[in-house]
Amino acid sequence: MQDVKTEKKEFTPNIVAFCCNWCSYAGADLAGSSRLSYPANVKIIRVPCSCRVNPMFVLKAFQQGADGVILCGCHPGDCHYVTGNYYTRRRMALLYSFLNYMGIEKARTRLEWVSAAEGQRFSAVMNDFVKTVTELGENKRLTDLRVKEGE
Amino acid sequence: MTKEERIENLNRLSGTDVRKCMKCGKCSGRCPAFKDMDIKPHQFVSMLCQGKIDELLECKAIWNCLSCMACVERCPRGVAPAAVVEAVRDTVVRMQGKNGIKAEEIPPIVDELIPQQLLVSAYRKYNK
Amino acid sequence: MQRIGVFICWCGSNIAATVDVVKVAETIKNEPGVVFAANYQYMCSENGQQLIKQAIKEHNLTGIVVGACSPRMHEATFRKAAEEAGMNPYMVEIANIREHCSWIHKDMEETTEKAVVLVRTAIAKVKLNAPLMAGESPVIKRALVIGGGIAGIQAALDIADAGFEVDIVEKNATIGGRMAQLDKTFPTLDCSACILTPKMVDCAQHEKIDILSYSEVEEVKGFVGNFNVKIRRKARYVDESKCTGCKICMEKCPAKKGANEFNMGLDNRPAIHIPFAQAIPNVAVIDPEQCIKLKTGKCGICQKFCGVGAIDYEQKDTFVERQYGAIVVATGFKPIALDNFNEYGYADNKDVITSLELERLMNAAGPTGGVLLRPSDKQHPKVITFIQCVGSRDSSGCGKPYCSKICCMYTAKHAMLIREKYPDTEVHVFYIDVRTPGKNYDEFHRRAVEQYGVDYIKGMVGKVYNENGKLMVQGSNLIDNEQITIESDLVVLATAIEPEPSVRKIATLLTASIDTNNFLTESHAKLRPVESPTAGVYLAGVCQGPKDIPETVSQASACAAKVIGLLVKDKLKTNPCVAQPDENMCNGCGQCANVCPYGAITYVDKEFRLGGGKTEIRRVATVNPAVCQGCGACTVTCPSGAMDLKGFSSKQIMSEVEAICKM
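Residue numbers (the numbering used here), protein chains in the order written: chain A, 9 to 159; chain B, 3 to 130; chain C, 8 to 670.
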């Protein structure tokens with residue numbers, strides 16, 4: 009606890025990003041090929057559709073010590089699987105407010121629509137999200153202590 | 003009240019989204035009081051949309067509108083031109099300091115000061 | 008124990024410039040399960056692939072991770088290489104260390120560290136990969152076209168010309184659809200029947216096309232390449248194989264007061280009738296609502312006069328079942344009902360007509376023999392007023408929120424034809440906007456104004472009323488800021504069009520998506536405009552969105568190209584990354600089928616052993632791998648966790664999450 013100040017200075021959050029294969033993952037690729045930088049602590053997991061993301065995955069990420077989780081899908085109406093992102097929208101609205109209730113700040117969770125053409129937007133969203141989570145500091149609420157002990 | 007606030011207020015009072023108008027003119031095509039109005043029903047919508055409210059606040063047409071609501075009934079876009087007319091009328095009446103009439107005060111003043119349209123509009127509005 | 012090989016690509020300097028590839032490979036070498044790690048300048052090159060293949064064989068690898076560019080770029084390449092080395096292609100995972108790492112971060116230490124994490128994540132996933140086999144399903148080389156209008160006719164002809172069998176199912180007694188009712192067609196003004204009827208005849212004579220008229224699709228089972236369709240053949244009370252189309256029955260039938268649907272009810276037809284002279288098939292049909300024999304049992308005149316004995320009052324609906332590889336939906340449109348628009352006085356005045364009715368009044372085969380006479384007193388109308396956008400672009404709830412697209416052009420056509428044939432007629436058109444994009448379309452509209460002197464008035468009509476036998480059309484002229492009243496003899500309403508209402512039932516049968524306006528949804532608005540999201544179902548004509556004849560024909564041919572592309576295949580390879588339920592966990596609740604956009608999930612009663620010689624029958628979900636597209640919506644919906652997605656299993660994603668967080 010005495011190292012709070014130095015810790016805060018050096019703190020880089022660990023961010024898990026779920027991206028749907030057809031829009032957001034391609035948007036991330038475009039951000040890459042356009043050399044639009046965002047912090048290296050964002051790590052992307054590819055899923056076929058944002059609706060593949062089980063709330064369990066988000067909980068798992070927080071349990072394993074992630075400081076923020078962002079879920080990206082196609083814009084509403086553009087889902088490759090027609091209706092997938094509508095389910096995502098509803099599920100995440102519930103999950104995020106549930107997490108908020110449990111003390112995980114709402115700003116640590118985010119749902120964004122990024123199309124395959126929006127490399128700029130992908131990078132901007134990630135920069136903003138990392139900034140927000142950095143300001144919030146480390147996530148301690150759900151973290152499984154055994155994970156930290158193992159370090 | 004600044005002009006911007008006045009415009010916002012008119013939009014709010016009318017309760018209609020003037021940007022939905024596609025300028026077809028069906029309201030003016032149907033209006034039975036068209037010939038007596040210096041500003042026509044479709045112009046109310048487009049002028050509010052453009053923020054030209056000074057002309058609206060000075061026009062005579064607000065006293066000619068019959069509040070028959072034919073324009074509201076027929077509008078293919080769900081815009082209510084008569085509601086805009088009514089909003090302008092309300093605003094003018096309020097600007098004259100005639101706002102906030104108590105129910106018991108109405109009978110003595112109803113004939114001279116309150117335009118009949120306002121009452122008719124009120125009945126139509128609150129009976130729906 | 009898995010034996011994993013890791014291959015780190017330099018991508019020239021694209022990766023190597025910001026990621027210490029050697030260090031990554033060295034670090035990864037010590038990961039549990041990794042038995043081989045290498046780095047190479049270009050993994051996707053022939054030599055790079057050779058390196059992978061060799062390592063797979065030499066080190067007896069069970070799975071590989073390639074740290075390279077995006078999987079969207081070269082996943083297929085590396086999968087193919089692995090397959091050539093005897094490894095299941097789905098045992099390959101890509102760590103995206105270019106687009107998601109080397110290209111966006113600059114600090115060497117940071118990127119190297121991230122690259123290690125990304126590769127570790129891929130290793131964590133590949134350890135849980137299972138070999139997957141792309142399934143195969145046979146393709147039945149026959150197509151079904153639902154709807155026999157110009158869209159269906161064109162699609163059927165194109166598919167049949169490529170050598171495949173096609174069935175057209177048409178609910179009316181003849182094919183031809185709406186186009187058969189039209190008089191002239193814009194922008195060239197050629198006669199509709201003259202260009203349509205030869206195509207109808209082609210359909211009838213084509214050895215590969217079978218026309219099932221007066222029939223409806225009743226049931227659809229199966230999936231792409233393998234649809235099983237039950238078709239109801241409605242009783243027409245006339246033997247199709249015997250009737251010669253001589254029409255003696257029509258002459259002799261005493262019940263002559265049926266509203267003639269083909270002429271939009273503007274004249275009458277007998278109970279037994281052939282819809283129009285060029286009908287295909289040219290076979291009579293009896294209207295059971297009107298036929299005296301069928302209603303009372305007494306009459307039978309047509310049977311007496313029929314020279315070939317084709318009349319059969321005992322005929323019943325029959326069903327045929329056929330198999331198809333692909334289905335084209337071309338169900339077309341109808342003008343909307345005008346019940347919500349009493350301001351135009353359509354119901355009260357005979358001389359207020361719709362454009363389609365005018366089409367019949369101007370047609371040489373129509374009720375007036377092509378002479379324009381108004382319905383009330385059969386007089387030549389001298390002043391005709393057209394009203395556009397009747398029910399179109401109406402978001403108030405009375406009409407349709409969309410633009411019907413064809414009205415601007417056909418109104419210009421009508422106005423022009425009337426001015427051409429009857430130059431003494433005054434023609435006014437009330438419009439909101441004139442929308443005429445298209446080749447030679449705006450020129451056509453301008454011709455109506457400039458050459459034929461049609462009076463276009465910017466404004467809308469507020470009401471139409473009858474005053475001393477004259478139709479008074481009161482509307483606004485917005486350009487002059489006037490309210491005008493035009494004394495007219497005939498008022499023509501450019502009525503909005505809507506999809507034929509039966510399309511909703513068909514969409515349900517096909518599990519094809521449909522929007523709030525009853526238009527079928529295409530797979531991608533721009534890039535897959537003729538395919539339904541449901542595999543094997545294609546869309547042609549107005550059932551997908553308002554369009555004119557040239558566009559409909561283009562779309563129908565595009566549909567045919569897609570159908571042919573499907574039918575030439577003997578077998579369909581299916582994506583193996585599909586949902587799979589664990590039958591022991593499934594409780595048959597039905598949630599997954601509700602969220603499936605493809606209708607891939609069905610339920611079966613299955614017998615399970617309980618031990619001790621006992622069995623029980625439970626309802627469990629089954630996924631049809633040929634239909635499932637692998638979105639995973641069902642996996643999350645499943646309350647018991649029975650549903651999983653191959654290639655993206657919950658365990659795999661969980662271990663990826665774990666690998667990312669453990670740093």
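Here a beta-carbon is modelled for each residue, glycine too, at the ideal position from N, C-alpha and C. These numbers were taken from a predicted model, which means no experiment stands behind them.
- Excluding five sequence positions before and after C:E226, the CB atoms of its chain that fall closer than 6 Å to its own CB belong to K237, given in chain order.
- Closest by C-alpha distance to C:R79, out of A:A115, A:K148, A:E143, A:L38, is A:L38.
- The C-beta separation of C:A162 from C:A501 comes to about 28 Å, leaving the pair out of contact by the 8 Å criterion.
- Counting only Cβ-Cβ distances below 8 Å, A:V55 has contacts in chain C at G639, F655, I660, in chain order.
- Think of a sphere of 7 Å around the beta carbon of C:N488: the chain B residues whose beta carbon falls inside it are K42, in chain order.
- Residues of the same chain with a CB within less than 6 Å of the CB of C:P632, apart from the 5 flanking positions on each side, are G142, T581, V585 in chain order.
- Beta-carbon to beta-carbon, C:M416 and C:Y459 are separated by about 15 Å, too far to satisfy the 8 Å threshold.
- Against B:G80, the close residues of chain C are S402, S403, in the order they occur along the chain (beta-carbon pairs closer than 7 Å).
- By the beta-carbon neighbour count (other beta carbons within 10 angstroms, threshold 16), A:Y109 is exposed.
- Close to B:F36, with beta-carbon spacing below 7 Å, are these residues of chain C in chain order: Q490.
- The segment 125-143 of chain C makes contact with the segment 89-101 of chain C; the number of CB pairs closer than 8 Å reaches 3 or more.
- In its chain, beyond the 5 residues on either side, P277, A278, I279, I308, C309 have a beta carbon closer than 7 Å to the beta carbon of C:C260.
- Between the C-alpha atoms of A:R97 and A:A132 there is a straight-line separation of about 21 Å.
- Contact of A:Y95 with chain C by beta-carbon distance below 8 Å involves V602, A640, V643, T644.
- Residue pairing for C:D612: DSSP places it in a beta bridge opposite C:R626.
- The bridge partners DSSP lists for C:C198 are C:K191.
- Of the candidates C:E505, C:Y429, C:G55, C:A547, C:A547 places its Cα closest to the Cα of C:A565.
- About 3 Å separates the Cβ atoms of C:G606 and C:T518, confirming a contact at the 8 Å cut-off.
- CA-to-CA, the gap between B:V74 and C:C405 works out to about 13 Å.
- With a cut-off of 8 Å on Cβ pairs, the segment 131-149 of chain A is not in contact with the segment 90-104 of chain A, counting fewer than three such pairs.
- Cβ-Cβ distances below 8 Å link B:T93 to R8, N11, L12, L15, L59 in the same chain, with the five nearest sequence neighbours on each side left out; the list follows chain order.
- Shortest Cα-Cα distance from C:I504 to any of C:E489, C:E82, C:Q551 involves C:Q551.
- Taking 8 Å as the cut-off between beta carbons, the residues of the segment 95-120 of chain C near chain A are N103, R105, E106, H107, C108, W110, I111, H112, K113, D114, E117, T118, E120, in sequence order.
- Apart from the 5 residues on each side of it in sequence, C:Q481 sits with its Cβ closer than 6 Å to the Cβ of G469, K470, T492 in its chain, given in chain order.
- Between A:P56 and C:G639, the gap from beta carbon to beta carbon is short of 8 Å.
- Within the same chain, Cβ atoms closer than 6 Å to the Cβ of C:D612 are found at I624, R626, the five residues on either side in sequence being excluded.
- Residues of the segment 553-586 of chain C with a C-beta atom less than 8 Å from some C-beta of chain A are C584, listed in chain order.
- Non-local C-beta neighbours of A:I112 in its own chain, meaning closer than 8 Å and more than five positions away in sequence, comprise F70, N147, R149, L150, ordered along the chain.
- Contact annotation for A:T91 against chain C: P604 [CB-CB distance below 7 Å, chain order].
- Burial is judged here by how many other beta carbons sit within 10 angstroms of a residue's own beta carbon; C:N54 has fewer than 16 and is exposed.
- Note that the C-beta distance between C:C641 and C:C599 is below 8 Å.
- Under DSSP, C:F43 takes part in a beta bridge, and its partners are C:G12.
- Identification of chain C residues near A:V122 by a Cβ-Cβ cut-off of 7 Å yields none; the smallest Cβ-Cβ distance measures about 14 Å.
- The shortest C-alpha to C-alpha distance from C:C668 to any of A:S58, A:L67, A:Q128, A:S42 is the one to A:L67.
- Annotated as distal: C:N275 and C:R367, with beta-carbon spacing of 8 Å or more.
- Residues of chain C with a Cβ closer than 7 Å to the Cβ of A:C59 are, in chain order, C638, G639, A640, V643.
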